[in-house]
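Numbering (my numbering), first residue to last: 162 to 312.
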């Protein structure tokens, strides 16, 4: 009889842990979604992708579901996108760019799509832009092999 009670207790603990982790995951996703949605109003978000990339499809779905302002740059169909992608030296897609040289706030790159990274990148760009200094006075950053995420 004690074995059944122990198994039942263990099952309850496992269910509580699993439920807690699901709740935490849901809460974090909502928090990152809100940060990315708000940040995309100030910072350009570009996802370099291909038609056959399953990770790109997942990023597309997430961004559209969260009503985020973003632009997709197809490296297979657009020569300018392919040039920017190759200049970055990334070994794959999706390649995510947050910010733009024209905005003056800077540009951050990441190989792979992560809502947490996008939210963090937008916060870093906000912190880098001093209130007293206008965007036109900040140096422009372009994708290059020096800033590539490739190790």
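Ideal Cβ positions, reconstructed from N, Cα and C, are used throughout, including at glycine.
DSSP, reduced to helix, strand and coil, places residue 170 within a helical segment of the structure shown. For the set 176, 209, 166, 182, the Cα lying nearest the Cα of residue 247 is the one of 209.
For residue 251 and residue 199, the gap between their C-alpha atoms comes out near 27 Å.
Here residue 204 is buried: its Cβ has 16 or more other Cβ atoms, across all protein chains shown, within 10 Å. If only uninterrupted alpha helix (DSSP H) runs of at least 4 residues are considered, those enclosed by the stretch 209-270 are 215-226, 240-249. Counting along the chain, residue 289 sits inside the alpha helix (DSSP H) bounded by residues 276-289.
Going by beta carbons, residue 272 and residue 256 fall inside the 8 Å limit. Taking a cut-off of 8 Å for Cβ pairs, the stretch 233-248 and the stretch 181-196 do not touch, as fewer than three such pairs fall below it.
Beta-carbon to beta-carbon, residue 269 and residue 259 are separated by about 5 Å, close enough to satisfy the 8 Å threshold. Counting the other CB atoms within 10 Å of its CB gives residue 277 a total below 16, which places it among the exposed residues. Within 10 angstroms of the beta-carbon of residue 172 lie fewer than 16 other beta-carbons, which makes it exposed. By the criterion of a C-beta distance shorter than 8 Å, residue 274 is surrounded in its chain by 208, 216, 217, 219, 220, 223, 255, 257, once the five residues flanking it on both sides are discounted.
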